[in-house]
Amino acid sequence: MFKKILVATDGSRRSETAADMAISLAKNCNATLLVLSVLDVGSPRTAMDIDPDVYEEIKEDNLVISEEVEAERIKPEQQFVSRIRNRAESEGLSTDGMIRIGDTAEEILACANENSPDMIVVGTHGRGPLATAVRGSIVTKV
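First residue of the sequence shown: -12, per the numbering used here; consecutive thereafter.
Structure (C-alpha cells):
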C-alpha cells in the first residue's frame, strides 16, 4: 500500500498527534517514515532594504552570525524530529529525519518532491475558517 510516509512536525500537540497517526499507518503498511521539521524564518531582508554603502559589511557579518544563529535555532526542530523518530524506531520502523529552513509549506512540498512519499501527514491547528482565510494554513497550502 504505502512504502514511504512523510510526516511534518512543529513540536505542537496536534503535530505530535499527527505523528502518532503516521507511525501507526507506517507500521500497518511496513512503510519508511520520513520525519520533517521546518524552521520558518520568514522573509529575509533584501539588498534593496539596505544602504548600499554598508551592504558588503553587513553581508559578511550576517554570514557568520546566521551560521551561528541557525545552529542554535534548529535545536528545537532537531528535538522534534528525534522524538518522533525514536517512537517510530521503537515500533520497528525505518526512519529518516530532516530539518529545513524556509517557508514551511514550500519546504514540505520540496521535501515531498525530492523523496516521493506516498502520503504526507501534517497536523492542523484548527483555527477555523476566518483565521485560516486571514492567516492561511500550512495544510491548505500543502
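Ideal Cβ placement from N, Cα and C applies to all residues, glycine included.
No experiment lies behind these values; they were computed from the predicted model shown.
Distance between Gly110 and Ser103 (C-alpha atoms, nearest Å): Position 116 of the sequence shown, counted from the start, is the residue given in the question as residue 103. Position 123 of the sequence shown, counted from the start, is the residue given in the question as residue 110. Going from the Cα of Ser103 to the Cα of Gly110 covers about 19 Å.
4-residue-minimum alpha helix (DSSP H) runs that sit fully inside the region 62 to 102, ordered along the chain: Those alpha helix (DSSP H) runs which fall completely within the region 62 to 102 and span 4+ residues are 62 to 77, 91 to 102.
For Ala18, three-class secondary structure by DSSP: As a first step, residue 18 must be located in the sequence shown, where it is residue number 31. Ala18 falls in the coil class under three-state DSSP.
When Leu21, Gly(-2), Leu80 are compared against Lys62, the one with the closest alpha-carbon: Position 75 of the sequence shown holds residue 62. Of the candidates Leu21, Gly(-2), Leu80, the one whose C-alpha sits nearest the C-alpha of Lys62 is Gly(-2).
Between the CA atoms of Gly84 and Leu12 - distance to the nearest angstrom: On the sequence shown, residue 12 is found 25 positions in, with the first residue counted as 1. On the sequence shown, residue 84 is found 97 positions in, with the first residue counted as 1. Counting only the Cα atoms, Gly84 lies some 17 Å from Leu12.
Other residues of its chain near Ser24: CB distance less than 6 Å, five sequence neighbours each side excluded: For the purposes of this step, residue 24 is identified with residue 37 of the sequence shown, where counting begins at 1. Counting only Cβ-Cβ distances below 6 Å, and skipping sequence neighbours, we find Thr(-4), Glu64, Phe67, Val68, Ile86.
Through-space distance from Met(-12) to Ile88, alpha-carbon basis: Taking the first residue of the sequence shown as 1, we reach residue 88 at position 101. Taking the first residue of the sequence shown as 1, we reach residue -12 at position 1. Take the alpha-carbon of Ile88 and the one of Met(-12): they are about 31 Å apart.
Beta-carbon proximity of Thr82 to Val22, cut-off 8 Å: Position 95 of the sequence shown, counted from the first residue, corresponds to residue 82. Position 35 of the sequence shown, counted from the first residue, corresponds to residue 22. Going by C-beta atoms, Thr82 is nearer than 8 Å to Val22.
Spatial distance of Ala5 from Ile95 (CA atoms): Sequence index remark: in the sequence shown, residue 5 carries index 18 (1-based). Sequence index remark: in the sequence shown, residue 95 carries index 108 (1-based). Going from the Cα of Ala5 to the Cα of Ile95 covers about 15 Å.
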